[in-house]
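Be aware that the sequence shown starts at 8, since it is given in the working numbering, and climbs by one per residue.
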Amino acid sequence: MTRVAVVGPGAVGGFFAAHLAGIGRDVVSCARRPFDRYVVTSSIAPVEASAHTVTDPSGLDGTDPVDWVLVGVKAHQTAGAAPWFDRLCGPSTSVVVMQNGVEGEARLRPFVHGAEVVAAVVYCGAELTAPGRIRHTNAGTLIVPAGRSVTARLADLFAGSGARIKPSDEFVNEAWRKLGINVLANGITALTRQTMGVLRRPDVAQLAERLLDECWTVARAEGASLSTEDVVQVMERVAHMPVEGATSMYYDRMAGHPTEHDALYGAVARAGTRHGIPTPFAETVGALLAGGDPGAGIVG
8 MTRVAVVGPG AVGGFFAAHL AGIGRDVVSC ARRPFDRYVV TSSIAPVEAS AHTVTDPSGL
68 DGTDPVDWVL VGVKAHQTAG AAPWFDRLCG PSTSVVVMQN GVEGEARLRP FVHGAEVVAA
128 VVYCGAELTA PGRIRHTNAG TLIVPAGRSV TARLADLFAG SGARIKPSDE FVNEAWRKLG
188 INVLANGITA LTRQTMGVLR RPDVAQLAER LLDECWTVAR AEGASLSTED VVQVMERVAH
248 MPVEGATSMY YDRMAGHPTE HDALYGAVAR AGTRHGIPTP FAETVGALLA GGDPGAGIVG
(Lines of atoms letter the chains of each structure in order from A and count residues from 1; the text may use other names and numbers.)
(Lines give C-alpha, C1' and ligand atoms only; values in the text may rest on other atoms or scores of the structure.)
Protein backbone atom coordinates (compact mmCIF):
# COMPACT_ATOMS: atom_id res chain seq x y z
CA MET A 1 0.00 0.00 0.00
CA THR A 2 1.14 3.54 -0.77
CA ARG A 3 2.46 5.16 2.39
CA VAL A 4 1.96 8.86 3.11
CA ALA A 5 3.42 11.04 5.85
CA VAL A 6 2.15 14.51 6.70
CA VAL A 7 4.78 16.59 8.47
CA GLY A 8 2.86 19.34 10.22
CA PRO A 9 -0.80 18.28 10.49
CA GLY A 10 -2.10 21.72 11.42
CA ALA A 11 -5.08 23.36 9.76
CA VAL A 12 -3.88 22.82 6.18
CA GLY A 13 -1.82 19.65 6.67
CA GLY A 14 -4.56 18.16 8.81
CA PHE A 15 -7.23 18.91 6.20
CA PHE A 16 -5.38 17.02 3.48
CA ALA A 17 -4.32 14.22 5.85
CA ALA A 18 -7.92 13.77 6.94
CA HIS A 19 -9.19 13.47 3.40
CA LEU A 20 -6.53 10.91 2.52
CA ALA A 21 -7.34 8.89 5.65
CA GLY A 22 -11.02 9.20 4.79
CA ILE A 23 -10.51 7.25 1.56
CA GLY A 24 -8.42 4.59 3.24
CA ARG A 25 -4.89 5.77 2.49
CA ASP A 26 -2.11 4.70 4.84
CA VAL A 27 -1.34 8.07 6.46
CA VAL A 28 0.87 8.94 9.41
CA SER A 29 0.76 12.44 10.85
CA CYS A 30 4.05 13.66 12.27
CA ALA A 31 2.82 15.95 15.03
CA ARG A 32 3.83 17.73 18.22
CA ARG A 33 0.85 16.33 20.13
CA PRO A 34 -0.89 12.97 19.56
CA PHE A 35 -4.49 12.59 18.43
CA ASP A 36 -6.44 9.55 17.31
CA ARG A 37 -9.06 11.02 15.02
CA TYR A 38 -9.46 13.59 12.26
CA VAL A 39 -12.63 15.65 12.40
CA VAL A 40 -13.07 18.23 9.66
CA THR A 41 -16.18 20.33 10.22
CA SER A 42 -17.21 21.85 6.90
CA SER A 43 -20.26 22.66 4.81
CA ILE A 44 -18.49 21.56 1.62
CA ALA A 45 -15.82 18.99 2.53
CA PRO A 46 -16.54 17.36 5.88
CA VAL A 47 -14.73 14.18 6.84
CA GLU A 48 -14.02 12.06 9.89
CA ALA A 49 -11.43 9.30 10.02
CA SER A 50 -9.14 7.45 12.38
CA ALA A 51 -5.70 9.03 12.72
CA HIS A 52 -2.27 7.49 13.19
CA THR A 53 0.08 10.03 14.74
CA VAL A 54 3.72 9.92 15.78
CA THR A 55 5.32 12.61 17.91
CA ASP A 56 8.99 11.63 17.55
CA PRO A 57 10.86 10.46 14.42
CA SER A 58 12.19 7.47 16.35
CA GLY A 59 8.61 6.25 16.67
CA LEU A 60 8.09 5.81 12.95
CA ASP A 61 7.41 2.25 11.79
CA GLY A 62 9.96 0.65 9.51
CA THR A 63 13.22 2.01 8.14
CA ASP A 64 12.37 2.52 4.45
CA PRO A 65 11.40 5.93 3.08
CA VAL A 66 7.68 6.48 2.49
CA ASP A 67 6.13 7.09 -0.93
CA TRP A 68 4.79 10.58 -0.21
CA VAL A 69 5.61 13.35 2.24
CA LEU A 70 3.23 16.31 2.46
CA VAL A 71 4.96 19.23 4.16
CA GLY A 72 2.58 21.35 6.20
CA VAL A 73 5.01 22.99 8.63
CA LYS A 74 5.50 26.70 8.07
CA ALA A 75 8.45 27.87 6.03
CA HIS A 76 10.56 28.97 9.00
CA GLN A 77 10.01 25.58 10.67
CA THR A 78 11.50 23.60 7.78
CA ALA A 79 14.99 23.11 9.20
CA GLY A 80 13.52 22.08 12.54
CA ALA A 81 11.62 19.28 10.78
CA ALA A 82 14.84 17.80 9.34
CA PRO A 83 14.84 14.74 11.67
CA TRP A 84 11.45 13.75 10.21
CA PHE A 85 12.75 14.08 6.64
CA ASP A 86 15.82 12.03 7.55
CA ARG A 87 13.56 9.09 8.39
CA LEU A 88 10.87 9.59 5.76
CA CYS A 89 12.64 10.65 2.57
CA GLY A 90 14.74 8.97 -0.07
CA PRO A 91 15.19 9.05 -3.85
CA SER A 92 11.90 7.17 -4.35
CA THR A 93 9.89 9.64 -2.24
CA SER A 94 7.74 12.45 -3.66
CA VAL A 95 7.60 15.56 -1.46
CA VAL A 96 4.74 18.06 -1.79
CA VAL A 97 5.53 21.49 -0.36
CA MET A 98 2.35 23.02 1.09
CA GLN A 99 4.00 26.22 2.29
CA ASN A 100 3.54 29.90 1.54
CA GLY A 101 5.92 31.67 -0.81
CA VAL A 102 7.65 30.90 -4.09
CA GLU A 103 10.85 29.29 -2.78
CA GLY A 104 9.45 26.02 -1.45
CA GLU A 105 11.28 23.61 -3.74
CA ALA A 106 14.66 25.23 -3.10
CA ARG A 107 13.93 25.37 0.63
CA LEU A 108 13.15 21.65 0.93
CA ARG A 109 15.72 20.08 -1.39
CA PRO A 110 18.65 20.21 1.08
CA PHE A 111 16.67 18.17 3.60
CA VAL A 112 14.99 15.39 1.59
CA HIS A 113 17.82 13.11 0.52
CA GLY A 114 17.28 13.16 -3.23
CA ALA A 115 13.48 12.96 -3.14
CA GLU A 116 11.46 14.53 -5.94
CA VAL A 117 10.07 17.85 -4.73
CA VAL A 118 7.02 19.64 -6.09
CA ALA A 119 5.70 22.97 -4.84
CA ALA A 120 1.96 23.45 -4.44
CA VAL A 121 -0.10 26.60 -4.23
CA VAL A 122 -2.55 26.02 -1.40
CA TYR A 123 -6.07 27.37 -1.16
CA CYS A 124 -7.68 26.04 1.98
CA GLY A 125 -9.64 28.16 4.42
CA ALA A 126 -9.22 26.24 7.64
CA GLU A 127 -8.55 26.74 11.34
CA LEU A 128 -7.13 24.19 13.78
CA THR A 129 -9.33 24.16 16.88
CA ALA A 130 -7.61 21.22 18.62
CA PRO A 131 -5.21 18.48 17.50
CA GLY A 132 -6.91 16.69 14.61
CA ARG A 133 -9.95 19.00 14.79
CA ILE A 134 -10.31 21.45 11.92
CA ARG A 135 -12.93 24.04 11.09
CA HIS A 136 -12.98 24.34 7.30
CA THR A 137 -14.67 27.26 5.52
CA ASN A 138 -13.65 27.27 1.86
CA ALA A 139 -11.58 25.71 -0.92
CA GLY A 140 -9.33 22.71 -0.25
CA THR A 141 -7.18 22.76 -3.38
CA LEU A 142 -3.54 22.14 -4.23
CA ILE A 143 -2.47 23.78 -7.49
CA VAL A 144 0.58 22.01 -8.93
CA PRO A 145 2.59 22.32 -12.15
CA ALA A 146 1.02 20.53 -15.12
CA GLY A 147 3.02 18.19 -17.29
CA ARG A 148 4.91 16.38 -14.54
CA SER A 149 4.34 12.73 -13.74
CA VAL A 150 4.24 13.57 -10.05
CA THR A 151 1.18 15.72 -10.69
CA ALA A 152 -0.77 12.83 -12.19
CA ARG A 153 0.28 10.56 -9.35
CA LEU A 154 -0.77 13.13 -6.77
CA ALA A 155 -4.19 13.43 -8.41
CA ASP A 156 -4.51 9.64 -8.24
CA LEU A 157 -3.52 9.69 -4.58
CA PHE A 158 -6.41 12.04 -3.75
CA ALA A 159 -8.93 10.54 -6.20
CA GLY A 160 -12.29 10.09 -4.50
CA SER A 161 -11.49 12.45 -1.62
CA GLY A 162 -12.98 15.82 -0.76
CA ALA A 163 -9.70 17.57 -1.59
CA ARG A 164 -8.87 18.79 -5.08
CA ILE A 165 -5.63 18.59 -7.06
CA LYS A 166 -5.52 21.16 -9.85
CA PRO A 167 -2.72 20.98 -12.47
CA SER A 168 -1.83 24.35 -13.98
CA ASP A 169 0.02 25.25 -17.16
CA GLU A 170 0.61 28.70 -15.63
CA PHE A 171 2.10 27.69 -12.32
CA VAL A 172 4.43 30.72 -12.12
CA ASN A 173 1.37 32.95 -12.34
CA GLU A 174 -0.46 30.92 -9.71
CA ALA A 175 2.46 30.97 -7.29
CA TRP A 176 3.04 34.71 -7.57
CA ARG A 177 -0.68 35.46 -7.49
CA LYS A 178 -0.96 33.69 -4.15
CA LEU A 179 2.21 35.34 -2.87
CA GLY A 180 0.82 38.77 -3.78
CA ILE A 181 -2.42 38.09 -1.93
CA ASN A 182 -0.43 36.99 1.13
CA VAL A 183 1.89 39.99 0.91
CA LEU A 184 -0.91 42.54 0.75
CA ALA A 185 -2.80 41.18 3.76
CA ASN A 186 -0.68 39.08 6.11
CA GLY A 187 1.80 41.65 7.30
CA ILE A 188 -0.76 44.42 7.70
CA THR A 189 -3.14 42.32 9.78
CA ALA A 190 -0.26 41.02 11.92
CA LEU A 191 1.28 44.44 12.53
CA THR A 192 -2.02 46.15 13.28
CA ARG A 193 -3.39 43.14 15.17
CA GLN A 194 -6.62 43.68 13.26
CA THR A 195 -8.70 41.37 11.08
CA MET A 196 -9.30 41.99 7.38
CA GLY A 197 -11.63 44.87 8.18
CA VAL A 198 -8.57 47.07 8.68
CA LEU A 199 -8.05 46.97 4.91
CA ARG A 200 -11.21 49.02 4.47
CA ARG A 201 -9.40 52.05 5.83
CA PRO A 202 -8.34 54.11 2.78
CA ASP A 203 -4.81 54.68 4.07
CA VAL A 204 -4.30 51.01 4.89
CA ALA A 205 -5.84 49.93 1.58
CA GLN A 206 -3.39 52.22 -0.22
CA LEU A 207 -0.46 50.52 1.53
CA ALA A 208 -1.87 47.09 0.66
CA GLU A 209 -2.19 48.08 -2.99
CA ARG A 210 1.39 49.33 -3.09
CA LEU A 211 2.62 46.07 -1.56
CA LEU A 212 0.71 44.06 -4.14
CA ASP A 213 1.83 46.22 -7.08
CA GLU A 214 5.45 45.97 -5.97
CA CYS A 215 5.20 42.19 -5.56
CA TRP A 216 3.70 41.69 -8.99
CA THR A 217 6.21 44.03 -10.62
CA VAL A 218 8.85 41.60 -9.38
CA ALA A 219 6.65 38.70 -10.48
CA ARG A 220 6.66 39.92 -14.08
CA ALA A 221 10.46 39.90 -14.02
CA GLU A 222 10.23 36.29 -12.81
CA GLY A 223 8.08 35.33 -15.80
CA ALA A 224 4.55 35.90 -14.50
CA SER A 225 1.98 37.86 -16.49
CA LEU A 226 0.22 39.63 -13.62
CA SER A 227 -0.71 43.16 -14.62
CA THR A 228 -1.67 46.43 -12.97
CA GLU A 229 -5.26 45.62 -13.99
CA ASP A 230 -4.97 42.44 -11.93
CA VAL A 231 -3.91 44.56 -8.95
CA VAL A 232 -7.02 46.71 -9.28
CA GLN A 233 -9.29 43.67 -9.52
CA VAL A 234 -7.78 42.10 -6.40
CA MET A 235 -8.13 45.29 -4.41
CA GLU A 236 -11.79 45.54 -5.45
CA ARG A 237 -12.36 42.04 -4.09
CA VAL A 238 -10.46 42.82 -0.89
CA ALA A 239 -12.78 45.79 -0.28
CA HIS A 240 -15.74 43.41 -0.10
CA MET A 241 -14.19 40.64 1.98
CA PRO A 242 -15.77 39.86 5.38
CA VAL A 243 -14.36 42.22 7.98
CA GLU A 244 -13.97 39.41 10.51
CA GLY A 245 -11.71 37.35 8.24
CA ALA A 246 -8.12 36.90 9.37
CA THR A 247 -4.78 35.74 8.03
CA SER A 248 -2.46 33.01 9.30
CA MET A 249 0.11 35.66 10.20
CA TYR A 250 -2.48 37.54 12.25
CA TYR A 251 -3.19 34.36 14.24
CA ASP A 252 0.55 33.74 14.71
CA ARG A 253 1.18 37.27 15.96
CA MET A 254 -1.81 37.17 18.32
CA ALA A 255 -0.56 33.86 19.72
CA GLY A 256 3.00 35.19 20.16
CA HIS A 257 4.43 32.82 17.53
CA PRO A 258 7.15 33.64 14.96
CA THR A 259 5.83 34.75 11.58
CA GLU A 260 6.56 33.66 8.02
CA HIS A 261 7.83 37.13 7.12
CA ASP A 262 10.91 35.86 5.30
CA ALA A 263 9.00 33.41 3.07
CA LEU A 264 6.71 36.25 1.97
CA TYR A 265 8.40 39.64 2.15
CA GLY A 266 11.94 38.26 2.04
CA ALA A 267 11.11 36.32 -1.13
CA VAL A 268 9.89 39.50 -2.85
CA ALA A 269 13.02 41.39 -1.78
CA ARG A 270 15.39 38.63 -2.94
CA ALA A 271 13.71 38.37 -6.33
CA GLY A 272 13.75 42.15 -6.62
CA THR A 273 17.48 42.17 -5.95
CA ARG A 274 18.06 39.56 -8.66
CA HIS A 275 16.33 41.78 -11.19
CA GLY A 276 17.44 45.18 -9.93
CA ILE A 277 13.92 46.14 -8.84
CA PRO A 278 13.56 48.17 -5.62
CA THR A 279 11.22 46.64 -3.05
CA PRO A 280 10.96 49.22 -0.27
CA PHE A 281 7.46 48.27 0.84
CA ALA A 282 8.21 44.55 1.20
CA GLU A 283 11.50 45.27 2.94
CA THR A 284 9.89 47.69 5.40
CA VAL A 285 6.99 45.41 6.33
CA GLY A 286 9.33 42.42 6.53
CA ALA A 287 11.69 44.25 8.87
CA LEU A 288 8.84 45.35 11.15
CA LEU A 289 7.51 41.80 11.32
CA ALA A 290 10.96 40.40 12.04
CA GLY A 291 11.46 42.93 14.81
CA GLY A 292 8.19 41.90 16.44
CA ASP A 293 8.88 38.18 16.50
CA PRO A 294 9.63 36.51 19.86
CA GLY A 295 13.25 36.94 20.86
CA ALA A 296 13.94 39.48 18.11
CA GLY A 297 15.20 42.21 20.45
CA ILE A 298 18.89 43.07 20.39
CA VAL A 299 20.73 41.83 23.46
CA GLY A 300 23.88 43.49 24.82
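Ideal Cβ placement from N, Cα and C applies to all residues, glycine included.
Keep in mind the model is a prediction, meaning the values are calculated, not measured.
Of the residues assessed, residue 71 falls on the exposed side of the cut-off, its CB having fewer than 16 other CB atoms within 10 angstroms.
Counting only residues of its own chain and dropping the five nearest sequence neighbours on each side, residue 154 has a CB closer than 8 Å to the CB of 174, 176. Of the other Cβ atoms in all chains shown, fewer than 16 fall within 10 Å of the Cβ of residue 50; this residue is therefore exposed. Here DSSP, grouped into helix, strand and coil, assigns residue 81 to coil. Residue 214 has no beta-bridge partner at all, per DSSP.
In the DSSP annotation of this structure, the continuous segment of the alpha helix (DSSP H) that includes residue 156 starts and ends at 156-165. Annotation for residue 247: no residue places its beta carbon closer than 6 Å to its own, counting only its chain and skipping 5 residues before and after.
Taking C-beta atoms as the reference points, residue 35 and residue 12 count as a pair closer than 9 Å. By the neighbour-count definition (other C-beta atoms within 10 Å, threshold 16), residue 110 is a buried residue. By the neighbour-count criterion, in which 16 or more other beta carbons inside 10 Å mark a residue as buried, residue 101 falls on the buried side. According to the DSSP secondary-structure assignment, residue 37 is paired through a beta bridge with 14, 61. Taking a C-beta distance under 9 Å as the contact criterion, residue 149 and residue 103 qualify as a contact pair.
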